[in-house]
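Colleague:
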Amino acid sequence: MTKLREAALPALQVDELSVAFSRADGSAVQALDGVSLTVEQGEFICVLGRSGHGKTTLLNAIAGLNQPQSGSIQAMGQQISGPGVDRGVIFQRDAVFPWMRVEDNVGFGLRVAGRPRDEQRMVALAQLENVGLSHVAQAWPRELSGGMRARVAVASVFAMDPPILLADEPFGALDYVTRRQLQEVLLTLWQKTRKTIFFVTHDVDEALRLATRIIVVGNGRILVDMPTNLPVPRSDEQIASARGLELRHLLLHNLGLE
Amino acid sequence: MTSDNTLTAPLKLRGRSAFHQFAVLSVRWGRVPAGTILFFLAWYLLSLTLPDSRLVSPLRVVDEMLYNFVLSPHLQVFGLGRIGYAGLLIYSVKNVLLGLAVGAAIGLLLGLTSARFRPLRYLVDPITLVLGTVPVLVAAPLFLLWFGVVPYTQVLLVGLYSAVMMTIFSQRAVDNIDPVYELAAATRGANWSTRLRLILLPAVVPEVIGGLRVTLASAWGIETFTEILGAPSGIGQAIKTYTNVNNVAGMLACVGLVAIVAITMDFLLQVTARRISRWAH
Chain A
1 MTKLREAALP
11 ALQVDELSVA
21 FSRADGSAVQ
31 ALDGVSLTVE
41 QGEFICVLGR
51 SGHGKTTLLN
61 AIAGLNQPQS
71 GSIQAMGQQI
81 SGPGVDRGVI
91 FQRDAVFPWM
101 RVEDNVGFGL
111 RVAGRPRDEQ
121 RMVALAQLEN
131 VGLSHVAQAW
141 PRELSGGMRA
151 RVAVASVFAM
161 DPPILLADEP
171 FGALDYVTRR
181 QLQEVLLTLW
191 QKTRKTIFFV
201 THDVDEALRL
211 ATRIIVVGNG
221 RILVDMPTNL
231 PVPRSDEQIA
241 SARGLELRHL
251 LLHNLGLE
Chain B
1 MTSDNTLTAP
11 LKLRGRSAFH
21 QFAVLSVRWG
31 RVPAGTILFF
41 LAWYLLSLTL
51 PDSRLVSPLR
61 VVDEMLYNFV
71 LSPHLQVFGL
81 GRIGYAGLLI
91 YSVKNVLLGL
101 AVGAAIGLLL
111 GLTSARFRPL
121 RYLVDPITLV
131 LGTVPVLVAA
141 PLFLLWFGVV
151 PYTQVLLVGL
161 YSAVMMTIFS
171 QRAVDNIDPV
181 YELAAATRGA
191 NWSTRLRLIL
201 LPAVVPEVIG
211 GLRVTLASAW
221 GIETFTEILG
231 APSGIGQAIK
241 TYTNVNNVAG
251 MLACVGLVAI
261 VAITMDFLLQ
271 VTARRISRWA
281 H
C-alpha cells in the first residue's frame with residue numbers, strides 16, 4: 001500500500017459492532033449494541049462511561065481480545081481478527097512482567113519480533129529516557145512504585161512503535177499527583193509521535209485534559225461523540241474556560257450526573 | 001523529580017545507629033541457633049527424667065551417629081552387611097532424588113499442559129484425585145508385592161507420589177497466573193510457544209519450587225516408610241532393626257541423620273530457588 005493511501009485511511013473503522021457475554025445463569029448481557037465509529041489517524045480519543053456500560057468491551061474488541069457477535073473492526077484498513085502488534089495495549093491492571101528487569105520489559109515486544117539484542121537495548125533505554133526512568137533500567141519491577149510501573153507500561157508499548165495505542169484506564173489506580181504527571185508524559189509522547197490513542201477512562205477531568213475528541217458510551221451504545229476543540233496541551237484555565245465548562249456539563253449530563 | 005522516582009526496596013536499617021543495626025541483625029540471625037539450642041536443652045533435660053528405653057540424651061545420640069557413621073558393628077550383627085549409616089543414607093538419598101526427579105518432571109509436564117489444555121485436564125484430574133487419596137500405608141505394601149524387595153520399588157513409589165503432587169502444584173501455579181500477563185504478551189506479538197517460554201514458565205517458578213519443597217519432604221517419608229516395610233538397604237532398614245531390639249539411641253541417630261540430610265537438601269533447594277526467582281524476593 002502506498003504511503004499516500006495509507007495516510008488517508010482511518011486508523012480505526014468500527015461498523016455495527018455488537019458484543020454479548022453469557023452470565024453464569026445462562027442469560028446474555030449485550031455489552032455493545034451496534035456501535036459504529038471512525039477514528040482518524042493522530043486523534044487522541046477518550047472514551048467515557050459508567051462502569052459496566054461497554055467502554056472496556058469496546059477497547060478489548062478493538063484490541064482483538066474478544067470476539068464480536070456481529071459487525072466488523074478495521075485497523076489501518078486491515079480487518080481485525082485477534083491481538084496484533086499494530087495495536088499496543090496499556091492495561092488497567094499492572095501488566096509489567098515481574099520476572100523481567102525493567103529494560104527487558106520495555107524491550108519485550110522487540111525481542112518477540114526477533115530484533116537484535118543491541119537494538120532491543122537501545123530502543124528500551126530511549127523509551128525509558130522519554131518516561132524519566134532510565135536510571136532504573138536494571139531494577140526489578142517489585143522495586144518500583146505503582147507510578148513507576150505505569151511509566152514502564154507506557155514505555156513498553158511505545159517501544160513497539162504501533163500506529164494505534166489502546167489504553168484501558170491505565171492511571172486509574174494512582175494518586176492524583178502521579179496521575180497528572182503520567183498524563184503529561186503520555187501527552188508529550190503523543191505530541192512527539194502523533195499516534196492514534198484510544199483512551200478509556202471514567203474520569204471526566206482526565207478526558208477534558210487529554211482528548212481531542214470525547215466519546216461517551218452508555219448501555220453499550222455511543223451517546224455522545226464530539227471534538228473538544230481545545231488546545232493541546234491545555235492548562236487548567238483553558239479546561240475551566242467557557243468551552244471546557246460546556247463540555248463538562250454535556251459529559252456529566254450524559255453520564256446521568258446532571 | 002518527585003518521590004515517585006525513588007526506589008521502594010525496603011531498607012529498614014538505613015539511617016539507624018551501628019549499635020541498633022547490630023542488635024536487629026543479632027535478633028534476626030540469632031533466632032535460628034537460639035531455637036535449636038533451646039530444643040536440645042529441653043531434650044537433654046527431659047532425657048534426665050526418663051529411662052534409656054524411652055529417651056536418651058542428645059549427646060548419646062550424637063555419639064551413636066559418629067561411632068556408626070562409616071562402619072557400624074551393630075548393623076553388621078543384624079545382617080545389614082559391612083556398612084555404616086553413611087552407606088545406608090546414600091542408598092536412601094539416591095532413591096529419593098531419582099524418584100523425585102522422574103516424578104517431578106512428569107508432574108510438571110502434566111500439570112502445566114493440563115492447566116492450559118482442557119481435554120487433558122479432564123483426563124488427568126480424576127487420576128490424580130484417586131492416586132493422591134490412596135495412603136502410602138496402603139500403596140507401599142502393594143508395590144512391594146508387585147515389584148519385590150528391590151531398590152526400584154521405592155523409586156517407583158516416590159516417583160508416583162511426586163508426580164501426583166507436582167501435577168497438582170503445577171496446575172495451581174498456572175491457574176494462579178494473572179491472565180493479564182499472557183494478554184499483554186499476546187498484544188506484543190507473542191504466539192503460544194513464546195508465551196509458554198517467556199511468560200508461563202518464569203511465572204510459575206516460585207510456586208512450583210514451593211511445591212517441590214513440600215514434595216521433597218514427603219518423599220523422605222515415603223522412602224523411609226517403604227524401607228521399613230522391606231528393602232535391600234536404606235536408613236529405614238536400620239530404623240526397623242533398632243526398633244526390633246529396642247535400641248532408642250540407634251533409632252534417634254538414624255532419624256537425626258535423615259533430618260540433617262532432609263534439612264540440608266531443603267536449604268539447598270531454597271538457595272537455588274532464591275537465585276532462580278530473585279525477582280520475587
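Going down the list, the sequences are from chains A and B.
Each residue of the first sequence is one higher than the last, beginning at 1 in my numbering.
Each residue of the second sequence is one higher than the last, beginning at 1 in my numbering.
Each residue gets a CB set at the ideal place from its N, CA and C atoms; glycine is no exception.
1) Spatial neighbours of A/Met148 within its chain, please: C-beta separation below 8 Å, excluding the five flanking residues on both sides.
2) Between the stretch 255-262 of chain B and the stretch 184-195 of chain B, are three or more C-beta pairs nearer than 8 Å?
3) Considering A/Gly34, what are the terminal residues of the beta strand (DSSP E) in which it resides?
4) Could you tell me which chain B residues have their CB closer than 9 Å to the CB of A/Met76, listed as they occur along the chain?
5) With distances taken between CB atoms, is the gap from A/Arg50 to A/Leu255 smaller than 8 Å?
6) Got a sec: is the Cβ-Cβ distance from A/Gly172 to anything in chain B below 8 Å?
7) Counting beta carbon pairs with one atom in the stretch 200-216 of chain A and one in the stretch 21-32 of chain A, are three or more of them shorter than 8 Å?
8) Going along the chain, which unbroken runs of the alpha helix (DSSP H) with 4 or more residues stay wholly within the stretch 215-243 of chain A?
9) Jot down the residue ranges of each uninterrupted beta strand (DSSP E) in the stretch 82-154 of chain A, minimum 3 residues, whole runs only, in chain order.
10) Rounded to whole angstroms, what's the CA-CA distance from A/Arg5 to A/Asp225? Just pull it up for me.
11) Using C-beta distances below 6 Å, list every residue in its chain close to A/Ala211, excluding the 5 sequence neighbours before and after it, in chain order.
12) Would the stretch 87-99 of chain A and the stretch 153-166 of chain A be scored as touching if the rule is three or more Cβ pairs under 8 Å?
13) Using beta carbons (cut-off 8 Å, strictly below), is B/Leu181 in contact with chain A?
14) So, with DSSP's three-state summary, where would you put A/Ile80?
15) Short of 8 Å in beta carbon distance, which residues of its chain neighbour B/Asp266, apart from the five on each side in sequence? Order them along the chain.
16) Contact between the stretch 240-256 of chain B and the stretch 53-65 of chain B is defined here as three or more beta-carbon pairs at a separation below 8 Å; is this criterion met?
17) What does A/Ala63 reach in chain B if we use C-beta pairs closer than 8 Å?
18) Check this for me: beta carbons of B/Asp175 and B/Ala104, under 8 Å apart or not?
19) Are the beta-carbon atoms belonging to B/Leu112 and B/Leu200 less than 8 Å from one another?
20) May I have the straight-line CA-CA distance separating B/Gly132 from A/Thr38, to the nearest angstrom?
21) Give the interface partners of B/Pro194 over in chain A, defined as CB-CB distance under 7 Å, in chain order.
22) Within 10 Å of its beta-carbon, does B/Tyr44 have 16 or more other beta-carbons around it, so buried, or fewer, so exposed?
23) Run through DSSP, which three-state label would B/Val102 get?
24) So with CB distances below 9 Å, who are the chain A contacts of B/Ala280?
25) With C-beta atoms as the reference, is B/Arg82 less than 8 Å away from B/Leu66?
26) For my contact list, B/Leu100 and B/Ala231 are in at a C-beta cut-off of 8 Å; report their separation, rounded to the angstrom.
27) Can you list, in chain order, the residues of its chain with a C-beta nearer than 6 Å to that of A/Thr178? Leave out the 5 residues immediately preceding and following it.
28) On the three-state DSSP scale, how would you describe B/Glu182?
29) Give me, in chain order, the residues of the same chain whose beta-carbon lies closer than 6 Å to that of B/Ala253; leave out the 5 immediate sequence neighbours on both sides.
30) Is the Cβ-Cβ distance between B/Ala163 and B/Ile106 less than 8 Å?
31) Taking CB distances under 8 Å as the criterion, tell me whether B/Ala273 reaches chain A.
32) Whole angstroms is fine: what's the gap from B/His74's alpha carbon to B/Ala280's?
33) In terms of residues, what are the limits of the alpha helix (DSSP H) holding A/Leu59?
34) Listed from N- to C-terminal order along the chain, which residues in the stretch 230-255 of chain A have their beta-carbon within a distance smaller than 9 Å of any beta-carbon of chain B?
35) Please state whether the Cβ-Cβ distance between A/Ala124 and A/Gly107 is less than 8 Å.
36) Should B/Gly282 and B/Val205 be called a contact, given that it needs their Cβ atoms to be closer than 8 Å?
Modeller: The short version:
1) Taken in chain order, the residues that qualify are Leu133, Val136.
2) With the cut-off at 8 Å, the stretch 255-262 of chain B and the stretch 184-195 of chain B do not touch.
3) Here the beta strand (DSSP E) through A/Gly34 covers 28-39.
4) Those within 9 Å of A/Met76 in chain B number zero; the least Cβ separation is about 16 Å.
5) A distance below 8 Å separates the beta carbons of A/Arg50 and A/Leu255.
6) No - not a single Cβ of chain B is within 8 Å of the one on A/Gly172.
7) Not touching, per the Cβ criterion.
8) With a minimum length of 4 residues, the continuous alpha helix (DSSP H) runs that stay inside the stretch 215-243 of chain A are 236-239.
9) Runs of the beta strand (DSSP E) inside the stretch 82-154 of chain A: 87-90.
10) Straight-line spacing of the CA atoms in A/Arg5 and A/Asp225 works out to 26 Å.
11) Phe44, Cys46, Thr228, listed in sequence order.
12) Yes, since at least three Cβ pairs between the stretch 87-99 of chain A and the stretch 153-166 of chain A fall closer than 8 Å, the two stretches touch.
13) It is Tyr, not Leu, that sits at residue 181 of chain B in the sequence shown. Answer yes: the Cβ-Cβ gap between B/Tyr181 and chain A drops below 8 Å somewhere.
14) DSSP places A/Ile80 in coil when its eight states are reduced to three.
15) Once the five neighbours on either side are set aside, the close Cβ partners of B/Asp266 are Arg213, Leu216, Ala217.
16) Touching, yes, given that three or more Cβ pairs across the two stretches are closer than 8 Å.
17) Ordered by position in chain B, the residues that pass the 8 Å Cβ test against A/Ala63 are Thr187.
18) Using a Cβ distance threshold of 8 Å, B/Asp175 and B/Ala104 do not count as a contacting pair.
19) In contact: B/Leu112 and B/Leu200 (Cβ atoms closer than 8 Å).
20) If you draw a straight line from the Cα of B/Gly132 to the Cα of A/Thr38, it comes to about 57 Å.
21) A small fix is needed here, since residue 194 of chain B is Thr in this sequence, not Pro. For B/Thr194, the C-beta contacts it makes with chain A under 7 Å involve Val112, in order along the chain.
22) So B/Tyr44 ends up on the exposed side.
23) Here B/Val102 carries a helix assignment [DSSP, helix/strand/coil].
24) Pro98, Trp99, Trp140, Arg142, listed in chain order.
25) No, Cβ-Cβ distance for B/Arg82 and B/Leu66 is not below 8 Å.
26) Wrong, their Cβ atoms sit about 17 Å apart, outside the cutoff.
27) If the five residues before and after A/Thr178 are omitted, its C-beta is found closer than 6 Å to the C-beta atoms of Gly147, all from its own chain and listed in chain order.
28) Judged by DSSP in its simplified three-state form, B/Glu182 adopts helix.
29) When the five nearest sequence neighbours on each side are left out, the beta carbons in the same chain lying within less than 6 Å of the beta carbon of B/Ala253 are those of Val61, Glu64, Met65, in order along the chain.
30) Contact: yes.
31) Not one chain A Cβ lies under 8 Å of B/Ala273.
32) Taking the Cα positions, B/His74 is about 49 Å away from B/Ala280.
33) For A/Leu59, the uninterrupted alpha helix (DSSP H) run begins and ends at 55-63, by DSSP.
34) Of all residues in the stretch 230-255 of chain A, none comes within less than 9 Å of chain B when Cβ atoms are compared.
35) The Cβ atoms of A/Ala124 and A/Gly107 sit closer than 8 Å to each other.
36) Absent from the model: residue 282 of chain B. The displayed extent of chain B is 1 to 281, so no value can be given.
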